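Below: one structure, written as structure tokens.
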Amino acid sequence: MAIVTKEKLDRVYDAYKNGRLSRRHFLKYLGLAGASIGLVGSPFGNAVKDAWAAKSIRFDGWGGSVSEAFREYAFKPFTKATGIEVIDGEFGDMNSYLTRVKASYPPGGEFNIAHLSAVFDYARYAELGFASVLDETKIPNLENVMASMIKPLREITKGTLSAVPYDLGQTGIAYNTKHISKEKAEKLGASLLWDKSLKGKLGSWEGDFRTNMWYAALHTGQSPNNMTDLKAIWAALREQRGLMKKYWASGAELMSLLANEEIYATVAWSGRVAALQQEGNPIGYLSPKGTYSWMEYLFVLKGTDLDVAQQLLNFMLDPAAAIAVSEGQNYPPSLDPTKVTLTEKIKKMPAFDPTGKLDGYLFANPSYWNAHQVEWTEKWDRIKAGS
Amino acid sequence: MKSDSWKPWALLAPSMSAVFLLLVIPVCFIVVYSFWLRAPSGADIPAFQFGNYGKFFEDFFYPKILIRTIRISFETVILCVVMGYIPAYFFYRSESRYKKIFLLLIMLPFWVSFIIRTMSWINIMGDSGLINHFLLKIGLIESPISMLYNEFTVLMGLIMYLLPFMVLNIYVSLEGIDKSLLEAARCLGCTEWQAFREVTLPLSLPGVSAGCLLVFVLTAGTYLPPMILGGPGNDMIANLIFKRVIGTLDWPFGSAISVILLSLLFVIVWTYNRYLGINQIFKSLQGN
């Protein structure tokens, strides 16, 4: 049910002032708002208020075992504690979600919170005008979050926050230990993904040019955040294409290809690899020097009921919930290990940093990668398709 | 009579409104979008320029995918005709009391999600799938044969999806043929084969051509079989549109590719109409 809030009325007024809303529609909204308030104040007020109390908020995430962990350890307890329903949506990659956000009306209006990956996405959403401004006093558990994860966000949104950091992970290399020895994997490092003896048994993520270019940079001895020889990158990706069996499109497909031994090696998200290992699959995980690390955020889109969103974010950052989700999704939480005691399972996860400072972790530089996004995405698409 | 001239329009109004709202307006939006520009962040910038169309033809990369799409569409049509005519003819000639059940079986795949049907091939043809498992078990092969993620599996997925459309079109056309014509041909000395070649086949062609058009258009616009069953280099034009719109947020360029595909399909349908007549489809539905 639509809820009349000051923020929503402000937005409607703002739209009217900017000419995006006709006077007729503005008056209609005012009328509806008046009628709503009238109902609340009427003798039926309590009944209406009770009906409105059954609020909901939409949360979109990565699906599969990640969404499962969120549902089980965060959303269900949150609904039980507050009565607020969390509508759980999924996406396969960051761009497809952004497309849906753009296509909603008003843009972003149907969506509330997203489990976004990496700072470059935070910057993109902010640039497109989807950023909200969170009231940090209403998220006291933010105190427990690593300062090193909050800092890059503040820099983008000029001191404010539109998201709270939630977890971190890596895109490393998964390999089938029945067919590839640990010694061989460690010896080859990133070049394992170019091993000719694995022709027809390699995979990669089709939806992200960064991941593919990142590993091509490592393979060709370049810094992923400052690639100086792009020709070598494209040549490496072309060469790799000839060795590929399948460019996978989602985490679920990645896990299926590895579990069914369709592919023996691929770039892979550390949490998904951990999930496969826990299921007993013969999958090893390799994080060569310069492994692609990323931080994930719970981004609140503009237009969301901030009271409800902040309530959910604070609940999710509570150590009990954050640790349970972390163990469920197999990614270390954003909680600072120097402030919060974490479990042994978390301490053994890839990408876990006991110092909480994340020194030495290699993240994608948002300004570098976002500046070339259009050009490199197209180039990557062409190479992938055989150009 | 003149005063009643509004009645057909009144009767047509609901469906025409639906077509206008759900088809014409969205297509107009796509055409308008195709002239817009895209900002690096993914934002769309209103403009009127032909850069998106120019980009499609600036080198052979995009046209090559379009040509591949047309080629795969033709291959699918031919295979569907060959594989669809036989069961349709069987149903037509069958006097079995189970005929209706056979026809129902043709519709059966539609009861299962298309994605599930397509993905099920992974469990059948995958390296650890049913076929490889069986071949390994009987000792015919020593290591799994790689069967998935190539153009063959894309074609297979397309045929699985589209064959029922072809069978039903041909069957409806065959059902409309007066069986006494066949008896007359046989009485006049034709062999069974000659009667089929001279009477049944020509009279069933409207159904075949209707099925061909339907299968062709649906193939050209589909993206799931190449996405799920295709490997590197098996993308079709719809995959390209999907990636441009969903993957890279380049709606203007995605729209331009859509308009190009739409124009090409329009030319094909126009050619079809010019030489075969679009009314053949209705004829086949009426059973000649």
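Chains as they are written, first to last, in the working numbering: chain A, 21 to 407; chain B, 14 to 301. All C-beta atoms, glycine included, are put in the ideal place defined by N, C-alpha and C. What you are looking at is a predicted structure, and each value in this text was computed from that prediction instead of being measured.
Close-in-space but distant-in-sequence residues of the same chain around residue i (CB under 8 Å, 5 per side omitted)
{"i": "Lys399 (chain A)", "result": "Phe229 and Trp254"}
{"i": "Arg261 (chain A)", "result": "Ile403, Lys404 and Gly406"}
{"i": "Arg130 (chain B)", "result": "Pro122, Met173 and Tyr174"}
{"i": "Lys309 (chain A)", "result": "Gly209 and Leu238"}
{"i": "Ser124 (chain A)", "result": "Glu130 and Phe131"}
Residues near residue i in its chain [Cβ-Cβ closer than 7 Å; skip 5 each side]
{"i": "Pro357 (chain A)", "result": "Pro374 and Gly376"}
{"i": "Leu218 (chain A)", "result": "Leu263, Tyr284 and Ala285"}
Straight-line gap, residue i to residue j (C-alpha atoms, nearest Å)
{"i": "Ser56 (chain A)", "j": "Lys75 (chain A)", "result": "In this prediction, Ser56 (chain A) scores a pLDDT of 48, lower than 50, which makes its location untrustworthy; no coordinate-derived value is stated."}
{"i": "Trp396 (chain A)", "j": "Ala288 (chain A)", "result": "21 Å"}
{"i": "Lys69 (chain A)", "j": "Tyr93 (chain A)", "result": "Only weak support exists for where Lys69 (chain A) lies, its pLDDT of 42 falling under 50; the value from the coordinates is given anyway. Their Cα atoms are separated by approximately 29 Å."}
{"i": "Lys202 (chain A)", "j": "Ala391 (chain A)", "result": "37 Å"}
{"i": "Asp72 (chain B)", "j": "Leu188 (chain A)", "result": "41 Å"}
{"i": "Val258 (chain B)", "j": "Asp191 (chain B)", "result": "50 Å"}
{"i": "Ala371 (chain A)", "j": "Gln190 (chain A)", "result": "6 Å"}
{"i": "Met138 (chain B)", "j": "Val40 (chain B)", "result": "39 Å"}
{"i": "Thr324 (chain A)", "j": "Ser182 (chain A)", "result": "11 Å"}
{"i": "Asp443 (chain A)", "j": "Phe79 (chain A)", "result": "In the structure as shown, chain A begins at 21 and stops at 407. Residue 443 (chain A) is therefore absent and cannot be evaluated."}
{"i": "Ser387 (chain A)", "j": "Ala329 (chain A)", "result": "28 Å"}
{"i": "Glu205 (chain B)", "j": "Gly142 (chain B)", "result": "43 Å"}
{"i": "Glu110 (chain A)", "j": "Gly260 (chain B)", "result": "15 Å"}
{"i": "Ala341 (chain A)", "j": "Arg91 (chain A)", "result": "11 Å"}
{"i": "Val60 (chain A)", "j": "Asp401 (chain A)", "result": "Only weak support exists for where Val60 (chain A) lies, its pLDDT of 43 falling under 50; the coordinates are left without a value."}
{"i": "Arg305 (chain A)", "j": "Ser243 (chain A)", "result": "In the sequence under discussion, the amino acid at residue 305 (chain A) is Tyr, which differs from the Arg named in the question. Tyr305 (chain A) and Ser243 (chain A): Cα-Cα distance of roughly 22 Å."}
Interface flag, residue i vs chain B, CB-CB below 9 Å
{"i": "Leu208 (chain A)", "result": "no"}
{"i": "Arg91 (chain A)", "result": "no"}
{"i": "Asn385 (chain A)", "result": "no"}
{"i": "Lys158 (chain A)", "result": "no"}
{"i": "Ser62 (chain A)", "result": "Residue placement at Ser62 (chain A) is poorly supported in this model, since its pLDDT is 44, which falls under 50; the coordinates still yield a value, given next. No, because no Cβ of chain B sits closer than 9 Å to the Cβ of Ser62 (chain A)."}
{"i": "Ala269 (chain A)", "result": "yes"}
{"i": "Gly220 (chain A)", "result": "yes"}
{"i": "Glu147 (chain A)", "result": "yes"}
{"i": "Ser217 (chain A)", "result": "no"}
{"i": "Val394 (chain A)", "result": "yes"}
{"i": "Met233 (chain A)", "result": "no"}
Chain A within 9 Å of residue i, Cβ atoms only
{"i": "Met240 (chain B)", "result": "yes"}
{"i": "Arg51 (chain B)", "result": "yes"}
{"i": "Ala26 (chain B)", "result": "no"}
{"i": "Tyr46 (chain B)", "result": "no"}
{"i": "Ala60 (chain B)", "result": "no"}
{"i": "Leu194 (chain B)", "result": "no"}
{"i": "Trp134 (chain B)", "result": "no"}
{"i": "Asp191 (chain B)", "result": "no"}
{"i": "Leu161 (chain B)", "result": "yes"}
{"i": "Ala56 (chain B)", "result": "yes"}
{"i": "Trp22 (chain B)", "result": "no"}
{"i": "Phe74 (chain B)", "result": "yes"}
7 Å Cβ cut-off: residues of chain A touching residue i
{"i": "Lys256 (chain B)", "result": "Asp401"}
{"i": "Ala251 (chain B)", "result": "Going along chain A, no residue has its Cβ under 7 Å from Ala251 (chain B), so there is no contact; the nearest lies around 13 Å."}
{"i": "Ser141 (chain B)", "result": "Asn280 and Glu281"}
{"i": "Asp248 (chain B)", "result": "Ala405"}
Rounded distance between the beta-carbons of residue j and residue i, thought under 8 Å
{"i": "Ala256 (chain A)", "j": "Thr231 (chain A)", "result": "Actually they are not in contact, since the Cβ atoms of Ala256 (chain A) and Thr231 (chain A) sit about 13 Å apart, beyond 8 Å."}
{"i": "Ser290 (chain A)", "j": "Gly192 (chain A)", "result": "6 Å"}
{"i": "Pro177 (chain B)", "j": "Phe123 (chain B)", "result": "7 Å"}
{"i": "Ala251 (chain B)", "j": "Thr235 (chain B)", "result": "6 Å"}
{"i": "Phe319 (chain A)", "j": "Ala134 (chain A)", "result": "5 Å"}
{"i": "Lys68 (chain B)", "j": "Phe266 (chain B)", "result": "6 Å"}
{"i": "Val180 (chain B)", "j": "Ile119 (chain B)", "result": "5 Å"}
{"i": "Glu88 (chain A)", "j": "Gly380 (chain A)", "result": "Not a contact, Cβ separation roughly 31 Å."}
{"i": "Gly83 (chain A)", "j": "Ala344 (chain A)", "result": "So it is not a contact: roughly 19 Å between Cβ atoms."}
{"i": "Val280 (chain B)", "j": "Leu226 (chain B)", "result": "With 8 Å as the limit, Val280 (chain B) and Leu226 (chain B) do not qualify as a contact, their Cβ atoms being about 13 Å apart."}
{"i": "Tyr267 (chain A)", "j": "Glu206 (chain A)", "result": "Tyr267 (chain A) to Glu206 (chain A), Cβ: 25 Å. No contact."}
6 Å CB neighbourhood of residue i in its chain, flanking five on each side removed
{"i": "Ala295 (chain A)", "result": "Ser85 and Asn350"}
{"i": "Val153 (chain A)", "result": "Thr180"}
{"i": "Thr232 (chain B)", "result": "Ser86, Thr89 and Leu171"}
{"i": "Gly243 (chain B)", "result": "Val167"}
{"i": "Tyr66 (chain B)", "result": "Ala269"}
{"i": "Gly220 (chain A)", "result": "Lys265"}
{"i": "Leu79 (chain B)", "result": "Ile250"}
{"i": "Met369 (chain A)", "result": "Pro352"}
{"i": "Met169 (chain A)", "result": "Pro185, Met315 and Ser354"}
Under 8 Å by beta carbon: chain A residues contacting residue i
{"i": "Ile259 (chain B)", "result": "Asn115, Ser116 and Thr119"}
{"i": "Ile78 (chain B)", "result": "Ala405"}
Chain-ordered neighbours of residue i on chain B, where CB pairs are closer than 7 Å
{"i": "Arg261 (chain A)", "result": "Pro245"}
{"i": "Gly227 (chain A)", "result": "Gly260"}
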